[in-house]
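Worksheet: one structure, shown below.
In the working numbering, the protein residues as written are 742 to 940.
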(Lines of atoms letter the chains of each structure in order from A and count residues from 1; the text may use other names and numbers.)
(Lines give C-alpha, C1' and ligand atoms only; values in the text may rest on other atoms or scores of the structure.)
Protein backbone atom coordinates (compact mmCIF):
# COMPACT_ATOMS: atom_id res chain seq x y z
CA UNK A 1 0.00 0.00 0.00
CA UNK A 2 1.44 3.34 -1.02
CA UNK A 3 0.20 6.77 -0.04
CA UNK A 4 -3.50 7.34 0.50
CA UNK A 5 -5.84 4.45 -0.33
CA UNK A 6 -9.43 3.98 -1.49
CA UNK A 7 -11.61 0.87 -1.46
CA UNK A 8 -13.41 -0.02 -4.71
CA UNK A 9 -16.45 -2.29 -4.36
CA UNK A 10 -17.31 -3.63 -7.80
CA UNK A 11 -20.84 -4.54 -8.90
CA UNK A 12 -22.12 -5.87 -5.58
CA UNK A 13 -25.70 -5.51 -6.75
CA UNK A 14 -28.83 -7.57 -6.18
CA UNK A 15 -29.20 -8.50 -9.85
CA UNK A 16 -25.68 -9.92 -9.83
CA UNK A 17 -25.22 -11.39 -6.35
CA UNK A 18 -28.62 -12.14 -4.84
CA UNK A 19 -29.95 -15.71 -5.05
CA UNK A 20 -33.16 -15.91 -7.07
CA UNK A 21 -32.53 -12.55 -8.68
CA UNK A 22 -29.12 -12.66 -10.34
CA UNK A 23 -28.67 -13.83 -13.90
CA UNK A 24 -25.51 -15.86 -13.18
CA UNK A 25 -26.25 -18.65 -10.66
CA UNK A 26 -22.69 -20.02 -10.72
CA UNK A 27 -21.31 -16.61 -9.76
CA UNK A 28 -23.85 -16.29 -6.96
CA UNK A 29 -22.75 -19.72 -5.73
CA UNK A 30 -19.11 -18.67 -5.65
CA UNK A 31 -19.92 -15.39 -3.89
CA UNK A 32 -21.62 -17.45 -1.18
CA UNK A 33 -19.07 -20.27 -1.05
CA UNK A 34 -16.11 -17.89 -0.83
CA UNK A 35 -17.83 -15.72 1.79
CA UNK A 36 -16.70 -12.50 0.16
CA UNK A 37 -19.56 -10.24 1.27
CA UNK A 38 -18.82 -10.23 5.04
CA UNK A 39 -15.14 -9.60 4.32
CA UNK A 40 -15.95 -6.67 2.01
CA UNK A 41 -18.30 -5.23 4.64
CA UNK A 42 -15.62 -5.47 7.32
CA UNK A 43 -13.00 -3.95 5.04
CA UNK A 44 -15.35 -1.09 4.14
CA UNK A 45 -15.96 -0.40 7.82
CA UNK A 46 -12.20 -0.32 8.39
CA UNK A 47 -11.65 2.18 5.56
CA UNK A 48 -14.45 4.39 6.90
CA UNK A 49 -13.01 4.30 10.42
CA UNK A 50 -9.71 5.58 9.04
CA UNK A 51 -11.42 8.34 7.06
CA UNK A 52 -10.57 6.68 3.74
CA UNK A 53 -13.04 6.62 0.83
CA UNK A 54 -15.25 3.65 -0.01
CA UNK A 55 -16.45 3.77 -3.61
CA UNK A 56 -19.19 1.52 -5.00
CA UNK A 57 -18.95 0.86 -8.73
CA UNK A 58 -22.38 -0.04 -10.11
CA UNK A 59 -24.16 -0.73 -13.38
CA UNK A 60 -27.52 0.94 -14.01
CA UNK A 61 -28.66 0.64 -17.60
CA UNK A 62 -30.98 3.16 -19.23
CA UNK A 63 -34.53 1.93 -19.77
CA UNK A 64 -33.99 2.00 -23.53
CA UNK A 65 -30.46 0.47 -23.46
CA UNK A 66 -29.56 3.07 -26.06
CA UNK A 67 -25.87 3.13 -25.11
CA UNK A 68 -25.44 -0.63 -24.57
CA UNK A 69 -23.94 -2.24 -27.63
CA UNK A 70 -24.35 -5.96 -28.35
CA UNK A 71 -20.61 -6.16 -29.02
CA UNK A 72 -19.92 -8.47 -26.07
CA UNK A 73 -21.73 -11.43 -24.56
CA UNK A 74 -22.51 -9.39 -21.43
CA UNK A 75 -23.88 -6.49 -23.47
CA UNK A 76 -26.01 -8.84 -25.54
CA UNK A 77 -27.40 -10.60 -22.46
CA UNK A 78 -28.12 -7.30 -20.71
CA UNK A 79 -30.15 -6.05 -23.68
CA UNK A 80 -31.95 -9.35 -24.26
CA UNK A 81 -32.96 -9.92 -20.63
CA UNK A 82 -33.20 -6.22 -19.62
CA UNK A 83 -30.75 -6.70 -16.79
CA UNK A 84 -29.80 -4.10 -14.17
CA UNK A 85 -32.10 -1.33 -15.36
CA UNK A 86 -31.76 1.93 -13.39
CA UNK A 87 -34.41 2.28 -10.72
CA UNK A 88 -35.21 -1.43 -10.47
CA UNK A 89 -34.45 -3.66 -7.46
CA UNK A 90 -31.88 -5.57 -9.53
CA UNK A 91 -29.72 -2.45 -9.81
CA UNK A 92 -29.70 -1.87 -6.03
CA UNK A 93 -26.58 -2.56 -4.00
CA UNK A 94 -27.05 -5.64 -1.80
CA UNK A 95 -28.29 -4.88 1.72
CA UNK A 96 -25.14 -6.13 3.44
CA UNK A 97 -23.06 -3.53 1.60
CA UNK A 98 -25.49 -0.60 1.67
CA UNK A 99 -23.39 2.54 1.21
CA UNK A 100 -22.75 4.66 4.28
CA UNK A 101 -23.55 8.36 4.15
CA UNK A 102 -19.98 9.33 3.27
CA UNK A 103 -19.47 6.58 0.67
CA UNK A 104 -19.39 7.34 -3.04
CA UNK A 105 -21.41 5.57 -5.74
CA UNK A 106 -20.02 5.72 -9.27
CA UNK A 107 -22.74 4.50 -11.60
CA UNK A 108 -22.35 3.67 -15.26
CA UNK A 109 -25.06 2.94 -17.80
CA UNK A 110 -22.85 0.92 -20.13
CA UNK A 111 -19.44 -0.66 -20.41
CA UNK A 112 -17.57 -3.35 -18.52
CA UNK A 113 -15.08 -1.39 -16.41
CA UNK A 114 -15.76 1.13 -13.66
CA UNK A 115 -12.84 3.35 -14.63
CA UNK A 116 -14.05 3.97 -18.19
CA UNK A 117 -16.72 6.49 -19.06
CA UNK A 118 -17.20 7.49 -15.40
CA UNK A 119 -15.94 10.11 -12.96
CA UNK A 120 -13.89 7.56 -10.99
CA UNK A 121 -10.40 8.61 -12.08
CA UNK A 122 -11.06 12.33 -11.58
CA UNK A 123 -12.65 11.63 -8.20
CA UNK A 124 -9.65 9.62 -7.01
CA UNK A 125 -7.22 12.29 -8.16
CA UNK A 126 -9.16 15.05 -6.40
CA UNK A 127 -8.94 13.02 -3.18
CA UNK A 128 -5.20 12.45 -3.75
CA UNK A 129 -5.54 8.68 -3.85
CA UNK A 130 -2.40 6.71 -4.70
CA UNK A 131 -3.58 3.12 -4.10
CA UNK A 132 -6.84 1.37 -4.86
CA UNK A 133 -7.99 -1.86 -3.22
CA UNK A 134 -10.36 -3.78 -5.48
CA UNK A 135 -13.13 -6.05 -4.19
CA UNK A 136 -16.35 -7.48 -5.61
CA UNK A 137 -17.16 -9.21 -8.87
CA UNK A 138 -16.29 -10.59 -11.17
CA UNK A 139 -12.71 -11.81 -11.20
CA UNK A 140 -12.73 -12.42 -14.95
CA UNK A 141 -14.33 -9.15 -16.12
CA UNK A 142 -14.82 -6.03 -13.98
CA UNK A 143 -12.19 -6.77 -11.32
CA UNK A 144 -9.44 -7.55 -13.81
CA UNK A 145 -10.52 -4.69 -16.08
CA UNK A 146 -10.36 -2.20 -13.21
CA UNK A 147 -6.97 -3.54 -12.14
CA UNK A 148 -5.53 -3.15 -15.64
CA UNK A 149 -6.92 0.33 -16.26
CA UNK A 150 -6.07 1.47 -12.75
CA UNK A 151 -2.46 0.35 -13.16
CA UNK A 152 -2.23 2.05 -16.56
CA UNK A 153 -3.52 5.27 -15.00
CA UNK A 154 -0.73 5.15 -12.44
CA UNK A 155 -2.46 3.82 -9.34
CA UNK A 156 -0.92 1.18 -7.12
CA UNK A 157 -3.48 -1.60 -7.40
CA UNK A 158 -4.17 -4.11 -4.65
CA UNK A 159 -6.63 -6.96 -5.18
CA UNK A 160 -8.10 -8.44 -2.01
CA UNK A 161 -8.30 -11.99 -3.34
CA UNK A 162 -10.61 -13.28 -0.61
CA UNK A 163 -13.04 -10.45 -1.46
CA UNK A 164 -13.54 -11.30 -5.16
CA UNK A 165 -15.22 -14.14 -7.04
CA UNK A 166 -15.80 -15.59 -10.49
CA UNK A 167 -18.37 -18.07 -11.75
CA UNK A 168 -15.76 -20.82 -11.92
CA UNK A 169 -13.22 -21.31 -9.10
CA UNK A 170 -10.65 -22.78 -11.47
CA UNK A 171 -10.90 -19.75 -13.77
CA UNK A 172 -10.63 -17.49 -10.72
CA UNK A 173 -7.39 -19.17 -9.70
CA UNK A 174 -5.87 -18.97 -13.18
CA UNK A 175 -6.71 -15.28 -13.56
CA UNK A 176 -5.38 -14.40 -10.10
CA UNK A 177 -2.17 -16.41 -10.48
CA UNK A 178 -1.41 -15.87 -14.15
CA UNK A 179 -2.85 -12.43 -14.89
CA UNK A 180 -3.74 -10.27 -11.92
CA UNK A 181 -0.46 -10.85 -10.12
CA UNK A 182 1.33 -9.28 -13.09
CA UNK A 183 -0.46 -5.96 -12.66
CA UNK A 184 -1.54 -5.82 -9.02
CA UNK A 185 -0.48 -6.84 -5.56
CA UNK A 186 -2.53 -9.86 -4.48
CA UNK A 187 -3.52 -9.61 -0.85
CA UNK A 188 -6.23 -10.54 1.65
CA UNK A 189 -8.71 -8.42 3.54
CA UNK A 190 -6.82 -9.02 6.79
CA UNK A 191 -3.49 -8.04 5.23
CA UNK A 192 -5.00 -4.86 3.78
CA UNK A 193 -6.35 -3.92 7.21
CA UNK A 194 -2.96 -4.55 8.78
CA UNK A 195 -1.18 -2.53 6.09
CA UNK A 196 -3.50 0.43 6.56
CA UNK A 197 -2.73 0.53 10.27
CA UNK A 198 0.95 1.07 9.53
CA UNK A 199 0.60 3.78 6.84
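Beta carbons: idealized from backbone N, C-alpha and C, even for Gly.
So, is residue 813 buried or exposed, given that buried needs 16 or more other C-beta atoms within 10 angstroms?
That one is exposed.
Figure out for me which residue from 851, 899, 747, 864 has the closest Cα to the Cα of residue 820.
Ranking the options by Cα distance to residue 820, first place goes to 851.
Could you give the distance in angstroms between the alpha-carbon of residue 817 and the alpha-carbon of residue 746?
Cα to Cα, the separation comes out at about 35 Å.
Does residue 881 pass the burial test, meaning 16 or more other C-beta atoms within 10 Å, or should it be called exposed?
It counts as buried.
Can you tell me the Cβ-Cβ gap for residue 904 and residue 781, rounded? I've got them flagged as a contact below 8 Å.
With 8 Å as the limit, residue 904 and residue 781 qualify as a contact, their Cβ atoms being about 5 Å apart.
Return the chain-ordered list of same chain residues with a C-beta closer than 7 Å to the C-beta of residue 833, the five sequence neighbours on each side being excluded.
Answer for residue 833: 754, 755, listed in chain order.
Rounded to a whole number of angstroms, what is the C-alpha to C-alpha distance between residue 924 and residue 869?
When rounded, the distance between both Cα atoms is 21 Å.
From the DSSP output, which residues share a beta bridge with residue 747?
Looking at the DSSP assignment, residue 747 forms a beta bridge with 873.
Measuring only the C-alpha atoms, how far is residue 879 from residue 863?
Going from the Cα of residue 879 to the Cα of residue 863 covers about 24 Å.
Among 922, 800, 886, 930, which has the Cα closest to the Cα of residue 830?
The candidate whose alpha carbon is nearest that of residue 830 is 800.
If I measure Cβ to Cβ from residue 793 and keep anything under 8 Å in the same chain, skipping five residues before and after, which residues do I get?
So the qualifying residues of the chain are 745, 746, 747, 748, 937.
Based on the DSSP output, what are the partners of residue 798 in its beta bridges?
Residue 798 is bridged to 751, 847.
CB residue 933 to CB residue 901, shorter than 8 Å?
Against a cut-off of 8 Å, the Cβ pair of residue 901 and residue 933 comes out as a contact.
Determine the direct distance from the alpha carbon of residue 847 to that of residue 785, and round the result to whole angstroms.
Computed Cα separation, rounded: 16 Å.
Which residues in the same chain as residue 916 place their Cβ atom closer than 8 Å to its Cβ, once the five residues preceding and following it in sequence are excluded?
The residues are 880, 881, 885, 907.
Does the distance from the C-beta atom of residue 899 to that of residue 762 stay below 8 Å?
The answer is no: Cβ separation not under 8 Å.
Whole alpha helix (DSSP H) runs in the region 898-940 with 4 or more residues, listed along the chain?
The qualifying runs are 910-916, 930-938.
For residue 891, collect the residues of the same chain with a Cβ closer than 7 Å to its Cβ; drop the 5 residues on either side in sequence, then sort them by chain order.
Here the set comprises 856, 873, 898.
Using a 10 Å radius around the Cβ and a threshold of 16 neighbouring Cβ atoms, would you call residue 828 buried or exposed?
Residue 828 is exposed by the Cβ-count criterion.
Between residue 921 and the rest of its own chain, which residues show a CB-CB distance below 7 Å, the 5 nearest in sequence each way excluded?
Within the same chain, residue 921 has close Cβ partners 885, 888, 900, 927.
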